[in-house]
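Trainee:
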Ligand SMILES: Nc1ncnc2c1ncn2[C@@H]1O[C@H](COP(=O)(O)OP(=O)(O)OP(=O)(O)O)[C@@H](O)[C@H]1O
Ligand SMILES: N[C@@H](Cc1ccc(O)cc1)C(=O)O
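Numbering (our numbering), first residue to last: 1032 to 1542.
Written out as structure tokens, the structure reads:
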């Protein structure tokens, strides 16, 4: 919670200064005063593997020599893994080779509109691509679209987005920034005080509301709108599609591409950002930015766009938030256990593709795993387990992964893992549950509770299984027929888990 409220205060506390025009010609000028202090979150080098190789130390050693001799290019890596759809210019390949001394690091940005409380698996691709740039020595910048979320991106949407109120936007912004910081910056190491600690590992998080809130309509029309051609704007897929639809398109949504376009120009000029990345549906908005930079700043070939393909399920549908069962990245909306389970059960057909796109495992190692999959004696779900571990660790950290593993083990039929509150919470949704008042649980006989909680239909059935040693309380076998519930049986004073045999479980919550 501390993280969320801290980043929230800072994200909204800037007093932006007025816009100044004309634009400065050089994006790399160091004399500019930023409109607002960006947040930089630093993590120590020891926890972040900045090499384009996996975190496995053996592998790193193995590749170390080769790595120095033949530094790898982030664009090649993305291409190899199925993470590259389009580039605005092939010249980006040349300037993005691994920068050990050779070329200066690039600043790369990806924007996220706070239209939901949490990011989802589709949005994770942007974070992963930012992380690949980071691992190859470049600087990632995450932009929260506090302003653009008020307008609504028509890209890939057949209907106008609903208007969000300010409270919702702020809540969403807090949630999304804390996720990005947790994943890319390491929340426990965030450096809230001295914003400009400019070391290699810092992750910058900005909010575009900071520059849009003071921008007057007349200034916008004069300094941005004048350079945008309506014909070009109408030709964007996001606009064409919508104009064909019955609902049409509002002027507000029509201007979205110029807001995102100007963001790129702003970041290019004030933050030295020269690359924008996004899903393939963002192509129109990204090129709006490179166009504005060319026309307004009169610089050619200095700003680049890169898109990645949308992540699809094997049935061809997109991972998003609108359909049910969204894979949320926030542990408040989807427990690390559930998140882990999702990847543990992906079909064999998807697992290799997902390992390439969603993990940082070496491509050679993935090829080797693929080979094992078709060998006789392959234990089903071995690759899924690896996938689930890697993705859960990246998104929820080592703690989140062990929480997921503990819950998985606790739910295994016949498990005897000792249960703590966190583990029980993690599995709660997967087990039927009931609520009973404290005094109907404490001092009750286990036989009575097994019936009142719905685990058994009758006391005689409960007694029979108890005698056979088939009844478990919090995953421990109960040996006495006369067992009564004691204070310490109620985990954290809130909950206990009853099991009949290896599979039937019921969670008793204190009402
Ligand atoms: N499945 C995906 N694969 C890759 N990128 C995605 C995916 N889903 C969303 N994105 C990226 O994240 C951006 C933000 O998506 P956003 O959250 O606005 O929409 P969504 O959740 O995809 O929409 P929907 O509400 O239709 O499910 C998209 O513009 C896209 O670039
Ligand atoms: N339009 C992007 C978010 C975004 C917002 C502002 C930007 O400058 C860049 C990207 C999306 O819908 O995901």
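Backbone N, C-alpha and C define an ideal beta-carbon position, used for all residues, glycine too.
Which runs of the alpha helix (DSSP H) at least 4 residues long sit entirely within the segment 1434 to 1479? Give them in chain order.
Mentor: 1452 to 1458
Trainee: Measuring CA to CA, which of 1260, 1211, 1524, 1110 is closest to residue 1140?
Mentor: 1211
Trainee: State the Cα-Cα distance for the pair residue 1475 and residue 1379, rounded to the nearest angstrom.
Mentor: 47 Å
Trainee: What is the DSSP secondary structure of residue 1532, counted as helix, strand or coil?
Mentor: coil
Trainee: Run the proximity test for residue 1156: is its beta-carbon closer than 7 Å to any non-hydrogen atom belonging to ligand 1?
Mentor: yes
Trainee: Alpha carbon to alpha carbon, how far is residue 1362 from residue 1381? Give it in angstroms, no decimals.
Mentor: 24 Å
Trainee: Label residue 1428 either buried or exposed according to how many other C-beta atoms from any shown protein chain fall within 10 Å of its C-beta, with 16 as the threshold for buried.
Mentor: buried
Trainee: Answer with buried or exposed for residue 1338, where buried requires no fewer than 16 other C-beta atoms within 10 angstroms of its C-beta.
Mentor: buried
Trainee: For residue 1264, count neighbouring Cβ atoms within 10 angstroms of its own Cβ and tell me buried if that reaches 16, exposed if not.
Mentor: buried
Trainee: At a threshold of 7 Å, does residue 1313 count as lining ligand 1 (C-beta to nearest heavy atom)?
Mentor: yes
Trainee: State whether the segment 1316 to 1326 contacts the segment 1287 to 1296, with contact taken as three or more CB pairs (one from each stretch) at a distance under 8 Å.
Mentor: A contact exists between the segment 1316 to 1326 and the segment 1287 to 1296.
Trainee: Does residue 1394 pass the burial test, meaning 16 or more other C-beta atoms within 10 Å, or should it be called exposed?
Mentor: exposed
Trainee: In angstroms, rounded to a whole number, what distance separates the CA positions of residue 1310 and residue 1157?
Mentor: Cα to Cα, residue 1310 sits roughly 7 Å from residue 1157.
Trainee: Is any heavy atom in ligand 1 found nearer than 7 Å to the beta carbon of residue 1186?
Mentor: yes
Trainee: Taking the continuous alpha helix (DSSP H) assigned at residue 1326, which residues delimit it?
Mentor: 1314 to 1327
Trainee: Indicate the three-state DSSP secondary structure (helix, strand or coil) for residue 1483 in the structure shown.
Mentor: Three-state DSSP puts residue 1483 in a helix.
Trainee: Any idea which residues DSSP pairs residue 1237 with across the strands?
Mentor: BP columns for residue 1237 point to 1174.
Trainee: Would the beta-carbon of residue 1150 be found less than 7 Å away from any heavy atom of ligand 2?
Mentor: no
Trainee: Confirm the yes/no value for this check: CB of residue 1415, any heavy atom of ligand 2, distance under 7 Å.
Mentor: False, no ligand heavy atom lies under 7 Å from that Cβ.
Trainee: Measure the Cβ-Cβ separation of residue 1467 and residue 1446 and say whether it is below 8 Å.
Mentor: Annotated as distal: residue 1467 and residue 1446, with beta-carbon spacing of 8 Å or more.
Trainee: Could you give the distance in angstroms between the alpha-carbon of residue 1392 and the alpha-carbon of residue 1527?
Mentor: 39 Å
Trainee: Nearest by alpha-carbon distance to residue 1365: which of 1426, 1168, 1181, 1346 is it?
Mentor: 1426
Trainee: Contact between the segment 1325 to 1342 and the segment 1409 to 1419: three or more CB pairs below 8 Å?
Mentor: no
Trainee: Between residue 1258 and residue 1323, how many whole angstroms is the CB-CB distance? I'm expecting something under 8 Å.
Mentor: 6 Å
Trainee: Rounded to whole angstroms, what's the CA-CA distance from residue 1396 to residue 1278? Just pull it up for me.
Mentor: 49 Å
Trainee: Is it true that the CB of residue 1287 sits closer than 8 Å to the CB of residue 1179?
Mentor: yes
Trainee: Would you grab the beta carbon distance between residue 1295 and residue 1266 for me? Rounded to a whole angstrom, and I think it's under 8 Å.
Mentor: With 8 Å as the limit, residue 1295 and residue 1266 do not qualify as a contact, their Cβ atoms being about 19 Å apart.
Trainee: Can you tell me where the alpha helix (DSSP H) holding residue 1308 begins and where it ends?
Mentor: Run containing residue 1308: none in the alpha helix (DSSP H); it sits in the beta strand (DSSP E), 1304 to 1310.
Trainee: Quick one: what's got a C-beta closer than 7 Å to residue 1282's C-beta in the same chain, skipping five residues either side?
Mentor: none
Trainee: Between residue 1511 and residue 1368, what straight-line distance do the alpha-carbon atoms span, to the nearest angstrom?
Mentor: 33 Å
Trainee: Are the beta-carbon atoms of residue 1172 and residue 1284 separated by less than 8 Å?
Mentor: Judged by beta-carbon spacing, residue 1284 lies beyond the 8 Å limit of residue 1172, meaning their Cβ atoms are not closer than that value.
Trainee: Counting along the chain, where does the alpha helix (DSSP H) carrying residue 1371 start and finish?
Mentor: 1367 to 1375
Trainee: Let me see if you follow: with CB-CB separation under 8 Å, is residue 1110 close to chain C or not?
Mentor: Within the model displayed, chain C is absent; a lone protein chain is all it includes.
Trainee: Spatial neighbours of residue 1144 within its chain, please: CB distance less than 7 Å, with the 5 preceding and 5 following residues excluded, ordered by chain position.
Mentor: Short of 7 Å from the beta carbon of residue 1144, and not among the five residues preceding or following it, lie these beta carbons of its own chain, in chain order: 1176, 1179, 1180, 1184.
Trainee: When you compare only the Cα positions, how much space is there between residue 1235 and residue 1456?
Mentor: 33 Å
Trainee: Going along the chain, which residues of its own chain have a beta-carbon closer than 7 Å to the beta-carbon of residue 1545, five neighbours each way excluded?
Mentor: Because the chain is modelled from 1032 through 1542, residue 1545 falls outside the range shown and cannot be assessed.
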